[in-house]
Every structure is written in C-alpha cells, then in structure tokens.
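Heads up: the protein sequence lines correspond to chains L and S, in order. When we follow the working numbering, the leftmost residue of the first sequence carries the number 1, and every step to the right adds one. When we follow the working numbering, the leftmost residue of the second sequence carries the number 1, and every step to the right adds one.
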Amino acid sequence: MKYQSVFDIIGPVMVGPSSSHTAGAVRIGLLARKLFGREPEKAVIHFFGSFAKTYKGHATDVAALAGLMGLSTFDGGIPNAFNIAKEKGLDYSFIEESAIPEHPNTIVIDMYAADKFSSVKGVSLGGGLVEICEVDGFALKLSGESPALLIFHIDAYGAVADVTHILAKNKINISHMEVSRLEKGRLALMVIETDQSVPDDIFSAILSQPNIERVVRLSL
Amino acid sequence: MKFRNMRELVQLCEDRNIKFSQAMFEYECDTSGIDREKIISRMADKLSVMKLSAERGLQGLKSYSGMTGGNAKLIHDYMLKGDCLTGGVFLNAISIAIAINENNAAMGVICATPTAGSCGVVPGVLLALQKSLNKTDDDIIKALFAAGAVGYIIANNAVISGATGGCQAEVGSASAMAAAAAVELKGGSPSQCANACAIALKNMLGLSCDPLAGLVEVPCIKRNAVGAANALCAAEMALAGVISYVPCDEVIDSMYRIGISMPLALRETALGGLAASETGKKWKEKLWSGNSHNE
Numbered sequence: 001m002k003y004q005s006v007f008d009i010i011g012p013v014m015v016g017p018s019s020s021h022t023a024g025a026v027r028i029g030l031l032a033r034k035l036f037g038r039e040p041e042k043a044v045i046h047f048f049g050s051f052a053k054t055y056k057g058h059a060t061d062v063a064a065l066a067g068l069m070g071l072s073t074f075d076g077g078i079p080n081a082f083n084i085a086k087e088k089g090l091d092y093s094f095i096e097e098s099a100i101p102e103h104p105n106t107i108v109i110d111m112y113a114a115d116k117f118s119s120v121k122g123v124s125l126g127g128g129l130v131e132i133c134e135v136d137g138f139a140l141k142l143s144g145e146s147p148a149l150l151i152f153h154i155d156a157y158g159a160v161a162d163v164t165h166i167l168a169k170n171k172i173n174i175s176h177m178e179v180s181r182l183e184k185g186r187l188a189l190m191v192i193e194t195d196q197s198v199p200d201d202i203f204s205a206i207l208s209q210p211n212i213e214r215v216v217r218l219s220l
Numbered sequence: 001m002k003f004r005n006m007r008e009l010v011q012l013c014e015d016r017n018i019k020f021s022q023a024m025f026e027y028e029c030d031t032s033g034i035d036r037e038k039i040i041s042r043m044a045d046k047l048s049v050m051k052l053s054a055e056r057g058l059q060g061l062k063s064y065s066g067m068t069g070g071n072a073k074l075i076h077d078y079m080l081k082g083d084c085l086t087g088g089v090f091l092n093a094i095s096i097a098i099a100i101n102e103n104n105a106a107m108g109v110i111c112a113t114p115t116a117g118s119c120g121v122v123p124g125v126l127l128a129l130q131k132s133l134n135k136t137d138d139d140i141i142k143a144l145f146a147a148g149a150v151g152y153i154i155a156n157n158a159v160i161s162g163a164t165g166g167c168q169a170e171v172g173s174a175s176a177m178a179a180a181a182a183v184e185l186k187g188g189s190p191s192q193c194a195n196a197c198a199i200a201l202k203n204m205l206g207l208s209c210d211p212l213a214g215l216v217e218v219p220c221i222k223r224n225a226v227g228a229a230n231a232l233c234a235a236e237m238a239l240a241g242v243i244s245y246v247p248c249d250e251v252i253d254s255m256y257r258i259g260i261s262m263p264l265a266l267r268e269t270a271l272g273g274l275a276a277s278e279t280g281k282k283w284k285e286k287l288w289s290g291n292s293h294n295e
C-alpha cells in the first residue's frame with residue numbers, strides 16, 4: 001500500500017496554492033538552510049524546468065525564500081517572506097534558468113555568509129515530498145525524512161571506517177550510506193542517514209578524526 | 001484491523017457492527033503505534049485548520065496570482081439574502097468549498113483533503129451538515145476519519161493526483177470521500193456509504209486537469225463547489241436506498257484506467273483543454289512571462 005496513514009489523506013496542513021510548487025519549495029529551502037547550518041547573508045535561487053516557467057503564479061519564489069529563513073510549510077508568515085527577508089537584511093535574487101533539468105521541478109540555492117559558501121540542488125517530487133540531489137557539486141540522495149551526516153573528507157583509506165566505528169561505539173544505527181568523490185585522493189563525501197539524531201559530542205568526535213574536513217549535520 | 005478495498009471495508013464494518021470512521025481509526029492506531037488520544041487530537045487540529053480556512057475565505061480573498069477571488073463571499077451574501085433557488089445546506093456547502101479553495105489560491109493555510117487543489121470539497125460538505133444537522137465537533141472529527149477511509153482506498157487502488165489521473169482523481173476522489181462521510185454522519189449503513197462513494201465518483205469520471213496557466217484556480221476553485229454538490233446529491237440517493245449498478249471497487253478501478261489513458265495535455269501540464277483556450281493562452285502569457293506579481 002502506497003499510503004499508510006489517514007493523515008496522508010486528511011493532510012498535510014500547508015500554505016497553498018500547490019503541494020509540489022509551493023510546499024515542496026518551502027521544504028527544499030528549509031533543507032538547504034539546515035545543510036548550510038545557519039542563516040545565509042545572501043542567497044541566489046535558480047529555477048529550472050516547470051519551476052522556471054510557473055514560479056511566480058505558484059509563489060515558488062516566496063516559498064523557497066521562506067524555507068531558507070526557517071519557516072515551515074504551514075507557517076502563515078510564508079506570504080510575507082519578501083518583507084521578512086528585507087527586515088533581516090537577507091540579500092536574495094532569483095534566476096530563471098533555461099537549461100533542461102533531469103527533473104521538471106528543480107531548484108538550486110546558492111548560499112553565502114561571511115566566510116562560507118554552499119550550493120544545494122533539490123527537486124520537488126509531488127505532494128510536498130522533496131529530494132536533495134546535489135550539495136557543493138557532490139551527487140547524493142537525501143529526503144530529509146531521517147537525520148543525516150554529510151562528511152566531507154580526504155579520499156584516503158580508513159576515513160570511512162573511522163566514522164562508522166565512532167557511530168557503532170555510540171550505538172547509532174546507519175539506515176543508509178553512500179560515498180562519492182570528485183577525484184581520486186582528493187575531497188570525497190560520505191552521506192550517512194541514521195535512525196537516531198547525532199548528539200554534539202559524537203559530532204565533535206567525528207570532526208576531530210584525521211582526514212575529516214567538514215561535517216554537516218541534518219537534524220529533524 | 002485492515003482493509004484493502006471497499007468490499008473488505010464494508011465486510012469488516014458489517015462483521016463487527018462498526019462504521020467506516022471506526023475502522024479507519026482502529027487501523028491508524030494499529031499501524032502508527034501513536035496514542036489513541038493523540039490520533040484524535042491530530043484530526044481535531046485538521047478540523048480547526050479547515051474551519052479557519054473557511055472563515056478566511058468567506059471574508060473575500062484575491063488569489064496570489066491576481067487571476068481569481070471573491071466568489072465565496074458573493075455566494076455567501078446571496079445565500080444570506082434568502083431569495084434563492086435552493087439555499088440551506090446546498091449553498092452553505094458550495095460557498096465553504098469555494099472559500100477554502102480561494103484561501104488556498106491566496107496562500108492561506110489549508111489542509112490538503114486529499115490534495116491542495118481539492119481541499120474545499122470534504123469540509124464544504126461536512127461543515128454545512130454540522131450546522132444543518134446540529135452536530136458536534138466530535139461528530140465531524142469522526143466523519144473525517146470516514147472520509148479518510150474512502151480516500152485511503154482510492155489512493156491505494158487508483159490515484160489522487162491530477163498529474164497522474166486528471167481532476168477526477170482529485171475533486172472526484174474528494175467528492176466520493178465527502179459523500180460517504182455525509183451518509184455516515186446522517187446514520188446510514190456502511191453499504192450505503194459505499195454506494196454514495198460509488199455514485200459520487202461515477203459522476204466525476206473523465207474530468208480532465210487543464211487549469212489556466214497551470215495554476216490551482218480556474219476551473220479548480222468552482223469545481224470544488226461542484227464536487228461538494230455532487231457529494232450531497234450522491235449521499236441523498238444512497239440514503240434513499242439507491243444502489244450503484246457498478247460496485248464501488250470497480251468504479252475506483254475505472255477511474256484509474258481512465259486517468260492513465262488520458263492524454264498528457266489534460267493532466268496538469270497546462271497544454272490542453274481550458275488551458276489552451278484563448279483566455280487560457282492570454283493568462284499563460286501574462287503570468288508565465290513574469291510581468292504580473294500581485295504582492
């Protein structure tokens with residue numbers, strides 16, 4: 001059975017008008033913010049495919065920006081996202097891309113803060129469900145439905161074992177894991193989805209391992 | 001407590017002498033592992049969202065795109081004057097259905113039932129009946145579980161998205177859910193609920209999803225009213241004892257087969273039907289070129 005709960009039918013509660021073009025965009029913005037780990041000072045939001053054509057009528061721009069500022073899909077403040085951003089001094093812009101994406105509803109969000117930059121690509125799958133499919137050039141698959149660690153590390157032997165050892169020792173179960181690299185021996189990315197959230201001390205322990213460059217924690 | 005289709009649901013209800021709502025509630029308790037009280041309070045929250053959404057819509061709203069709005073208030077004011085063809089439950093149901101969908105188009109907070117595009121149908125019918133039948137919120141919460149049981153069966157045996165099955169899958173499903181819930185609210189039997197569901201869905205078969213500029217506005221908003229009216233019509237027939245010649249599960253399967261054989265141009269692509277009319281093209285040009293922005 002595809003649908004498991006009565007609340008898949010009576011619900012979700014969301015700000016309209018469209019579950020894929022509005023609620024999905026809020027969720028992608030929200031996940032991008034969580035991956036960035038803080039509020040960006042500047043954001044450039046790129047729309048591809050169907051989003052590039054219809055984003056104004058569906059308020060996909062307002063929605064993505066609202067998510068980026070931490071508003072949830074049912075926050076009544078979403079329509080005021082432009083004003084909230086101005087008050088916060090968040091510098092935002094939107095770009096309609098003409099490139100044909102793999103998925104029709106694709107958003108790329110470039111986020112900037114003082115000494116930080118990150119680019120996140122997400123797709124809206126329909127019914128409010130989304131998937132993050134690229135972070136800083138690394139391909140991945142992240143639904144945001146479970147806690148996750150994104151560990152940027154030097155592509156060297158033992159780096160993966162060091163991390164999984166720490167998780168095992170602390171009784172944190174891995175539900176999904178993938179490793180990708182751009183070039184042999186250079187920077188690589190481990191994506192680890194876990195059943196439990198990863199507490200601060202374990203997060204620090206992982207960060208202090210050799211070969212680990214940067215760790216992004218996605219909590220729910 | 002499990003049911004996969006309408007035949008199993010009716011059988012289960014008759015065997016245990018329970019209603020659709022209780023079967024759905026027990027299923028949710030069994031599978032989710034969440035406290036019984038918590039499940040009820042979650043549904044109560046959905047009802048509150050529906051009520052607030054209706055209230056907001058009835059005040060008169062303009063859609064975010066600037067294309068539509070204000071019709072719920074127009075109908076409601078007309079109803080209050082009393083000089084109308086039907087009045088009562090009928091006009092109340094359609095004005096609430098439109099109010100909630102106008103609130104959706106105006107970026108208000110809504111509860112997708114089962115989708116955002118069809119969110120006005122079930123609350124339109126149930127909130128109008130709450131008033132006319134003098135029912136409590138607890139009664140309406142139960143009716144939402146009954147509506148949910150129908151939606152659960154349709155979603156798992158067919159589809160509920162316009163992009164896959166056309167409007168019949170969205171407003172059609174919502175109308176079938178509302179019809180069954182209305183019958184249960186009035187004290188009808190499980191088999192009468194199933195007949196109401198079958199009759200309501202049959203009358204919506206073949207409806208395309210071809211909104212102007214791809215937005216959830218034209219014809220979606222008015223079609224929520226038609227979905228609510230159709231639900232009341234089917235519920236009255238079922239309560240009178242009318243039986244659907246085609247059993248409910250076969251109607252649901254027919255809806256699915258019609259949906260997947262519909263041309264893509266009629267499935268939420270804004271390429272065919274009303275979207276490709278002269279007016280549709282005009283709005284597409286206006287809204288897609290990005291000159292209009294109603295803040």
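Virtual Cβ for every residue (Gly too), placed ideally from N, Cα, C.
Report buried or exposed for residue i, applying the criterion of at least 16 other Cβ atoms within 10 angstroms of its Cβ.
| i | result |
| --- | --- |
| S:Gly80 | Before going further, note that residue 80 of chain S is Leu rather than Gly in the sequence given. S:Leu80 comes out exposed. |
| L:Asp200 | exposed |
| S:Tyr245 | exposed |
| S:Ala229 | buried |
| S:Thr4 | Note that residue 4 of chain S is Arg in the sequence shown here, rather than Thr. Looking at its Cβ environment, which holds fewer than 16 other Cβ atoms inside 10 Å, S:Arg4 is exposed. |
| L:Glu213 | exposed |
| L:Thr106 | buried |
| S:Glu295 | Residue confidence is low: S:Glu295 scores 36 on pLDDT, short of 50, so the model does not pin down where it sits. Its coordinate-derived value is still stated next. Label assigned to S:Glu295: exposed. |
| S:Arg16 | exposed |
| S:Arg56 | buried |
| L:Phe36 | buried |
| L:Asp8 | buried |
| S:Thr297 | Absent from the structure is residue 297 of chain S, since the part of chain S shown begins at 1 and ends at 295. |
| L:His176 | exposed |
| S:Thr86 | exposed |
| S:Arg257 | exposed |
| S:Asn291 | Residue placement at S:Asn291 is flagged as unreliable, the pLDDT there being 43, under the threshold of 50; the coordinate-derived value follows with that caveat. Counting Cβ neighbours within 10 Å, S:Asn291 comes out exposed, since fewer than 16 surround it. |
If contacts are defined as beta-carbon pairs under 8 Å, then residue i and residue j qualify, I think. What distance do you get, rounded to the angstrom?
| i | j | result |
| --- | --- | --- |
| L:Ser124 | L:Ser20 | 5 Å |
| S:Asn203 | S:Ala97 | Wrong, their Cβ atoms sit about 16 Å apart, outside the cutoff. |
| S:Ile94 | S:Ile110 | The pair is not a contact, with the Cβ atoms about 17 Å apart (cut-off 8 Å). |
| L:Ala188 | L:Asp155 | 4 Å |
| L:Asp91 | L:Glu41 | 7 Å |
| S:Ala116 | S:Ser63 | Actually they do not touch by this definition, with Cβ atoms about 13 Å apart. |
| L:Gln209 | L:Val163 | 7 Å |
| S:Ala176 | S:Cys193 | At roughly 10 Å, the Cβ-Cβ gap does not stay under 8 Å, so S:Ala176 and S:Cys193 are not in contact. |
| S:Ala231 | S:Ala182 | 6 Å |
| S:Ser53 | S:Asn92 | That pair is no contact at about 15 Å. |
| S:Gly272 | S:Leu207 | Contact flag wrong, Cβ pair sits at about 13 Å. |
| S:Met43 | L:Ile10 | 7 Å |
| S:Asp30 | S:Met1 | 6 Å |
Just curious, the beta strand (DSSP E) that residue i is in, first and last residue?
| i | result |
| --- | --- |
| L:Glu193 | Leu187 to Thr194 |
| L:Arg181 | Ile174 to Arg181 |
| L:Asp91 | Asp91 to Glu96 |
| L:Asp110 | Asn105 to Ala113 |
| L:Arg38 | Where L:Arg38 is concerned, there is no enclosing beta strand (DSSP E), given that its DSSP letter is neither H nor E. |
| L:Gly122 | Lys116 to Gly126 |
| L:Met14 | Val13 to Val15 |
| S:Leu205 | First-last for S:Leu205: undefined, no H or E at that position. |
| S:Cys111 | Val109 to Cys111 |
| L:Ile154 | Ala148 to Ile154 |
Start and end of the alpha helix (DSSP H) containing residue i?
| i | result |
| --- | --- |
| S:Cys13 | Met6 to Arg16 |
| L:Glu134 | Careful: L:Glu134 lies outside any alpha helix (DSSP H), inside the beta strand (DSSP E) at Leu129 to Val135. |
| L:Leu218 | Premise fails: L:Leu218 lies in the beta strand (DSSP E), Ile212 to Leu218, not in any alpha helix (DSSP H). |
| S:Leu287 | Glu278 to Trp288 |
request  = Specify whether the segment 18-35 of chain L and the segment 66-75 of chain L touch according to this definition: at least 3 beta carbon pairs, one from each stretch, less than 8 Å apart.
outcome  = These segments touch.
message = Under 8 Å, with one C-beta from each stretch per pair, do the segment 80-89 of chain S and the segment 135-142 of chain S reach the 3-pair mark?
response = Output reads no: the segment 135-142 of chain S does not touch the segment 80-89 of chain S.
query = Relative to chain S, which residues along the segment 2-30 of chain L have a C-beta separation below 9 Å, given in chain order?
reply = Lys2, Tyr3, Gln4, Ser5, Val6, Phe7, Asp8, Ile9, Ile10, Gly11, Pro12, Val13, Met14, Val15, Gly16, Pro17, Ser18, Ser19, Ser20, His21, Thr22 and Ala23
query = Does the count of Cβ pairs from the segment 195-202 of chain S and the segment 214-221 of chain S closer than 8 Å reach three?
reply = no
message = For the segment 22-39 of chain S against the segment 153-171 of chain S, do three or more pairs of beta-carbon atoms, one drawn from each stretch, fall closer than 8 Å, so that the two count as touching?
response = Segment contact: the segment 22-39 of chain S against the segment 153-171 of chain S, fewer than three CB-CB distances shorter than 8 Å; contact not assigned.
inquiry  = Taking 8 Å as the cut-off, does the segment 88-103 of chain L touch the segment 42-54 of chain L (at least 3 CB pairs, one atom from each stretch)?
reply    = Inter-segment contact for the segment 42-54 of chain L and the segment 88-103 of chain L is present: three or more beta-carbon pairs are separated by less than 8 Å.
inquiry  = Taking beta-carbon pairs under 7 Å, can you tell me which members of the segment 45-63 of chain L lie near chain S?
reply    = Listed by position along the chain: Lys53, Thr54, Lys56, Gly57, His58 and Ala59.
ask   = According to a CB-to-CB cut-off of less than 8 Å, which residues of the segment 143-165 of chain L neighbour chain S?
value = none
Residues of the segment 97-112 of chain S whose Cβ lies closer than 8 Å to any Cβ of chain L, in chain order = Listed in sequence order: Asn103, Asn104, Ala105, Ala106, Met107, Gly108, Val109, Ile110, Cys111 and Ala112.
query = Listed in chain order, which residues of the segment 32-44 of chain S have Cβ atoms closer than 9 Å to some Cβ of chain L?
reply = Ser32, Ile39, Arg42 and Met43
request  = Please name the residues in the segment 98-132 of chain L whose beta-carbon is closer than 9 Å to at least one beta-carbon of chain S, in chain order.
outcome  = So the list reads Gly126, Gly127 and Gly128, given in the order they occur along the chain.
Meets three-Cβ-pair contact criterion under 8 Å: the segment 205-214 of chain S and the segment 277-287 of chain S = Counting C-beta pairs with one atom in each stretch, the segment 205-214 of chain S and the segment 277-287 of chain S have three or more that are closer than 8 Å, which means they touch.
query = Mind listing which residues of the segment 4-31 of chain S have their C-beta closer than 9 Å to chain L's C-betas, in chain order?
reply = Arg4, Met24, Phe25, Tyr27, Glu28 and Thr31
request  = With 7 Å as the C-beta to C-beta threshold (strictly closer), list the residues of the segment 171-193 of chain S near chain L in chain order.
outcome  = Here the close residues number zero.
request  = Give the residues from the segment 62-91 of chain S that approach chain L closer than 7 Å (Cβ to any Cβ), ordered along the chain.
outcome  = Tyr64 and Ser65
ask   = the segment 114-127 of chain S: which residues have C-beta closer than 7 Å to a C-beta of chain L, in chain order?
value = The segment 114-127 of chain S vs chain L, Cβ under 7 Å: Pro114, Thr115 and Ala116.
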